[in-house]
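Have a look at the structure below before the remarks.
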Amino acid sequence: MRILDKYILKETIMTFIFGICAFSAVFLGSGTLLRIAQYITQYGASFSAIVRLIIYSLPGIIVWTFPMSMLLAALLTFGRLSGNSEIIAMKACGVSFKRLVTPVIAFSLGVSIFSIGFNEYVVPASNQAYADLVRYEIQGNTSPESQEHIIIKQIQDGNIQRLVYARKYDAETGNLDNLSIQEFEQGKMVRVENAEYAKWSVDEWVMYNGVLYDLSQPNTERMMKFDSQVLPINQTPKQIIKSQKKPDEMTIKELREQINIMKSQYVDTKKLEIELYQRFTVPMASLMFALIGAPLGIQPNRSSSSIGFGISIIIIFIYYTLMTLAGAIGQNSFIPPVIAVWIPNIVTLIAGIYLIRKESK
Numbered sequence: 025m026r027i028l029d030k031y032i033l034k035e036t037i038m039t040f041i042f043g044i045c046a047f048s049a050v051f052l053g054s055g056t057l058l059r060i061a062q063y064i065t066q067y068g069a070s071f072s073a074i075v076r077l078i079i080y081s082l083p084g085i086i087v088w089t090f091p092m093s094m095l096l097a098a099l100l101t102f103g104r105l106s107g108n109s110e111i112i113a114m115k116a117c118g119v120s121f122k123r124l125v126t127p128v129i130a131f132s133l134g135v136s137i138f139s140i141g142f143n144e145y146v147v148p149a150s151n152q153a154y155a156d157l158v159r160y161e162i163q164g165n166t167s168p169e170s171q172e173h174i175i176i177k178q179i180q181d182g183n184i185q186r187l188v189y190a191r192k193y194d195a196e197t198g199n200l201d202n203l204s205i206q207e208f209e210q211g212k213m214v215r216v217e218n219a220e221y222a223k224w225s226v227d228e229w230v231m232y233n234g235v236l237y238d239l240s241q242p243n244t245e246r247m248m249k250f251d252s253q254v255l256p257i258n259q260t261p262k263q264i265i266k267s268q269k270k271p272d273e274m275t276i277k278e279l280r281e282q283i284n285i286m287k288s289q290y291v292d293t294k295k296l297e298i299e300l301y302q303r304f305t306v307p308m309a310s311l312m313f314a315l316i317g318a319p320l321g322i323q324p325n326r327s328s329s330s331i332g333f334g335i336s337i338i339i340i341f342i343y344y345t346l347m348t349l350a351g352a353i354g355q356n357s358f359i360p361p362v363i364a365v366w367i368p369n370i371v372t373l374i375a376g377i378y379l380i381r382k383e384s385k
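Counting in our numbering, the sequence shown runs from 25 upward without gaps.
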């Protein structure tokens, strides 16, 4: 690595770390701490619980600050180099702007890849721990609440044995509504049962008004109706609801499985698909922001940190506005979610390439 690359990278990394701390503090102060204050006043949350809430909330906050910090780092680094006339000196030595921005782009690509992994292995677990702490320890909610799209999987020796899907758990009636049970043997589906609902009775679930399809014989399907039948799962309503995860508590693999199961039940999955694809588009925004930040940083009067911070806020606001609109388009229009969620990054990429080419001339 050349001395020039090391010099630019050092400036970028230091500013990037500062950005993570600054933006994380803003998010903590504007949202998380206010919610924690409510838990203290309403539920008397202990000091230990408060500390754990802050720790559990940090990964979900930090992953959103990576793109913002990358933008700020690129702006301030090249703004300082430009303000000290170092850019002019480098160009006078025959170093092109594209060559100057290469280490920053390489670093931003590394940040994007790390962010995808961080968003996969750390954030879902911390979000689930945060939710469990609030619900079961601070609020003390022990009774199950109503919830849609209940999925129960029974796996043995790495192979799925039974898959249970219920459109909804109704806390008022204690029922699992619109049930579908798929049973497998050696990875092959052999039975399907559909029932109007299942009700928890003493120590077991009983299904009512259902149909059983036997698929164990090749090219043969046998059907049998039943008024009532025991559902072969031994989890209580509380255990079932506790085992369910929200989208932000799922890994990419779990999200894909959830989407496939819901599609098999003809349920609209666009919202989940947007959540899935944003696991890639938001981290990749770090790379896109570096492409924009570097050329904007060397514009006249960009050496001031306050100006750079202000420009960052404006660009971030525009990007996340586009992201919100793209999410709404993906959910409510004919444009597939996988295309819609990439719109902000595509726009940012085009703008970044244009600015770099313009600055290189």
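All C-beta atoms, glycine included, are put in the ideal place defined by N, C-alpha and C.
Backbone secondary structure at residue 26 - three-state DSSP
coil
When you compare only the Cα positions, how much space is there between residue 287 and residue 190?
13 Å
Taking a contact to mean a Cβ-Cβ separation below 7 Å, would you say residue 308 touches residue 132 in this structure?
no
Per DSSP, residue 210 is paired with what?
In the DSSP output, where bridge partners are listed per residue, residue 210 has none listed.
Can you name the start and end residues of the alpha helix (DSSP H) that residue 88 belongs to?
71-107
Over the uninterrupted alpha helix (DSSP H) stretch that includes residue 172, give me the two end residues.
Careful: residue 172 lies outside any alpha helix (DSSP H), inside the beta strand (DSSP E) at 171-180.
Separation of residue 369 from residue 251, as counted between CA atoms:
54 Å
Pull up the distance between the alpha-carbon of residue 89 and that of residue 98, whole angstroms please.
14 Å
Buried or exposed for residue 347, going by 16 or more other Cβ atoms inside 10 Å?
buried
Extent of the continuous beta strand (DSSP E) to which residue 251 belongs:
246-255
Bridge partners - residue 187, DSSP secondary structure assignment:
177 and 206
Measuring only the C-alpha atoms, how far is residue 242 from residue 212?
11 Å
Specify the secondary structure class of residue 225 as computed by DSSP and reduced to three states.
strand
Can you say whether residue 145 is buried or exposed, counting buried as having 16 or more other CB atoms within 10 angstroms of its CB?
exposed
Cutting at 7 Å between CB atoms, please list the residues of its own chain near residue 271, excluding the five before and the five after it.
279, 296 and 299
When you compare the CB positions of residue 1 and residue 222, do they come within less than 7 Å of one another, or not?
Only positions 25 to 385 of the chain appear in the structure, and residue 1 is not among them; the question remains open.
Apart from the five residues on each side of it in sequence, which residues of its chain come closer than 6 Å, Cβ to Cβ, to residue 172?
192
For the structure I just gave you, are there three or more beta carbon pairs, one from the segment 79-93 and one from the segment 304-323, closer than 8 Å?
yes
In terms of residue numbering, what span does the alpha helix (DSSP H) encompassing residue 151 cover?
147-156
What's the gap between the Cα of residue 273 and the Cα of residue 349?
23 Å
Quick check: what's the CA-CA separation for residue 353 versus residue 361?
8 Å
To which residues does DSSP link residue 234 through a beta bridge?
219 and 250
With a threshold of 6 Å on Cβ separation, who are the neighbours of residue 253 within its own chain once the five nearest residues in sequence on each side are excluded?
231
Is the segment 158-168 close to the segment 66-73, with three or more CB pairs under 8 Å?
yes
What does the alpha-carbon distance come out to for the pair residue 219 and residue 185?
19 Å
Please state whether DSSP places residue 199 in a helix, a strand or coil.
strand
According to the neighbour-count rule (16 or more other Cβ atoms, all chains shown, within 10 Å of its Cβ), is residue 284 buried or exposed?
exposed
Among 169, 39, 128 and 41, the one whose alpha carbon lies nearest that of residue 267
169
Do residue 112 and residue 105 have their C-beta atoms within less than 7 Å of each other?
no
By the 10 Å Cβ neighbour count, where 16 or more other Cβ atoms means buried, how is residue 75 classified, buried or exposed?
exposed
Suppose the cutoff is 6 Å on Cβ atoms and the five residues either side in sequence are ignored; what does the same chain contact list for residue 269 look like?
none
Restricting to Cα atoms, I'd like to know which of 102, 81, 82 and 60 is closest to residue 39.
102
Segment limits, alpha helix (DSSP H) that includes residue 371
367-384
Best match in 366, 333, 31 and 340 for proximity to residue 303 [C-alpha to C-alpha]:
366
If you reduce the DSSP assignment to three classes, tell me which class residue 194 lands in.
strand
Need the endpoints of the alpha helix (DSSP H) that residue 310 sits in, please.
294-321
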